[in-house]
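Read through the structure below, which is laid out as structure tokens, and then see the notes.
Residue numbers (the working numbering): 22 to 371.
Now the structure itself:
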């Protein structure tokens, strides 16, 4: 891990090192994620969706909340809709409790939204209130959110290692002004025990040219490795994955399971008529791998959307937050902005 007395390795950012571009749609609800159960004809539906940009971050926590709803039904066999991080985490916790689960999904890894996530453990873009963390959150949601965060963080610590593609990573929040105005910093202040080794640096020559660099440690998840491991665990635990897309409630009613856990993310908008759910498009550029990069950064200044995280398959550069945008095609103008923005940061690194 870099120290204040050692230089940071420079990210080699240039267009000739670009190996790909990806885009995904975050399932965003202004009022936050939903975990609840309700009667549905002769079945029970348990909802677990609307995680915004924290599907990976919160997956185990909201899966635990969904499990608690499942236990109340008295059933032993459950249908889980969706095979991304939320669906897989939910199915695994059901299995751990001794229940049987069948996953039904249109898309399987590596073709899920979860596969294109940046997947750094940090609660962000989860509701309109994520910029008003702590005391400014509605009390009922704040309690649920806090519980989900803490459970998920602890569960991920159990998965650290190559088998699941989970590791600790040093991150720097970079700012040219007051860091206290950043909602991301307020998240760290709300959960100081979840972000160890937090130190503020004021050495712009050593930290990307920014006068303020807030260092902390968090968990980094490699989506492809992680999702493949969860699918393996689920199948080895006796679970079945069925490739199937649902269009109507009649099709859901025909399932043999009496309880259905909905983890379809953005698909819930159409399948269960939740018009509050909207896409927030995220776009990433991938550079050739660079093993000497052992840190990540996020520029937290207003109106700046730049972040870098290293993975084994390459250096991840972001990003975008385009609310209401449904296209999955990478936008060339954002590619240019992202690459040029990170080039400037790389030039300032010493």
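Cβ coordinates follow ideal geometry from the N, Cα and C atoms, glycine included.
Taking DSSP's pairing of strands, which residues face residue 100 in a bridge? 123 and 281
- [ ] Using alpha carbons as the reference points, say which of 239, 194 and 260 lies closest to residue 181.
- [x] The option with the nearest alpha carbon to residue 181 is 239.
query: Three or more beta-carbon pairs under 8 Å between the segment 61 to 74 and the segment 279 to 290, yes or no?
result: yes
Exercise. Would you mind listing the alpha helix (DSSP H) stretches within the segment 47 to 101 that are 4+ residues and don't spill past its ends, in chain order?
Key: 76 to 94
- Kindly indicate which residue of 113, 38 and 96 has the alpha-carbon position closest to the one of residue 256. 113
Problem set entry | For residue 241: DSSP bridge partner residues | 141 and 188
Coarse secondary structure for residue 358, derived from DSSP in three states: helix
Quiz item: Can the beta-carbon of residue 286 be found closer than 8 Å to that of residue 242?
Solution: no
Item to complete: Would you identify the three-state DSSP class for residue 28, choosing helix, strand or coil?
Response: Coil at residue 28, not helix or strand.
Would residue 45 pass as a contact of residue 137 if the rule is Cβ separation under 8 Å?
-> yes
Supposed close pair residue 244, residue 197 - CB separation, criterion 8 Å
Contact flag wrong, Cβ pair sits at about 31 Å.
- Nearest to residue 341 (by Cα), restricted to the options 309, 264 and 42: 42
key: Whole-angstrom distance between residue 115 and residue 260, CA atom to CA atom   = 10 Å
_Residue from 31, 81, 104 and 356 whose Cα sits closest to the Cα of residue 179_ = 81
Report, in whole angstroms, the separation of the C-beta atoms of residue 89 and residue 120, which I expect to be a contact under 8 Å. Incorrect: roughly 13 Å between the Cβ atoms, too far for contact.
### Task
Give the C-beta separation of residue 355 and residue 327 to the nearest angstrom, bearing in mind that I take them to be a contact with Cβ-Cβ under 8 Å.
The C-beta separation of residue 355 from residue 327 comes to about 11 Å, leaving the pair out of contact by the 8 Å criterion.
Query raised in the report: Should residue 74 and residue 145 be called a contact, given that it needs their Cβ atoms to be closer than 8 Å?
Result: Between residue 74 and residue 145, the CB-CB gap stays under 8 Å.
Exercise for the section: Determine the closest residue to residue 84 out of 107, 201 and 268, with distance taken between C-alpha atoms. Expected result: 107
Which of helix, strand or coil does DSSP assign to residue 269? coil
Exercise. Give the DSSP-derived three-state secondary structure of residue 300 in the structure shown.
Key: Strand, per DSSP.
Review point. Rounded C-beta distance between residue 252 and residue 109? I'm assuming under 8 Å.
Key: 7 Å
ask   = Could you give the C-beta distance for residue 11 and residue 51, rounded to a whole number, given that I count them as a contact under 8 Å?
value = Because the chain spans 22 through 371 in this model, residue 11 falls outside it and cannot be assessed.
_Judging by CA-CA distance, which residue of 336, 317 and 294 is the nearest neighbour of residue 311?_
The residue with the shortest Cα to Cα distance from residue 311 is 336.
**Q.** For residue 314, the three-state DSSP class (helix, strand or coil)
**A.** coil
Notebook entry, point to check: Does the beta-carbon of residue 300 have 16 or more other beta-carbons within 10 angstroms, so that it is buried, or is it exposed?
Noted result: buried
**Message:** I need the straight-line Cα distance from residue 339 to residue 234, nearest angstrom please.
**Reply:** 18 Å
Item to complete: Return the Cβ separation of residue 237 and residue 216 in integer angstroms, given the expectation that the two are a contact with Cβ distance under 8 Å.
Response: 4 Å
Assigned secondary structure, residue 153 (DSSP; H/G/I helix, E/B strand, else coil): The predicted position of residue 153 is uncertain, since its pLDDT is 42 and thus under 50; no value can be drawn from it.
Tell me which residues share the same chain as residue 139 and place their Cβ nearer than 8 Å to its Cβ, disregarding the 5 neighbours each side in the sequence. 303, 305, 328, 330, 337, 339 and 340
**Request:** Grab the span of the beta strand (DSSP E) containing residue 208 for me, first residue to last.
**Result:** Careful: residue 208 lies outside any beta strand (DSSP E), inside the alpha helix (DSSP H) at 204 to 211.
### Query
Under 8 Å between the Cβ atoms of residue 367 and residue 31?
yes
Original post:
Do you know how far the Cα of residue 213 is from the Cα of residue 174?
Top reply: 13 Å
Exercise for the section: With DSSP as the reference, label residue 289 as helix, strand or coil. Expected result: helix
Alpha-carbon to alpha-carbon, residue 209 and residue 190:
15 Å
ask   = Do residue 318 and residue 229 have their C-beta atoms closer together than 8 Å?
value = yes
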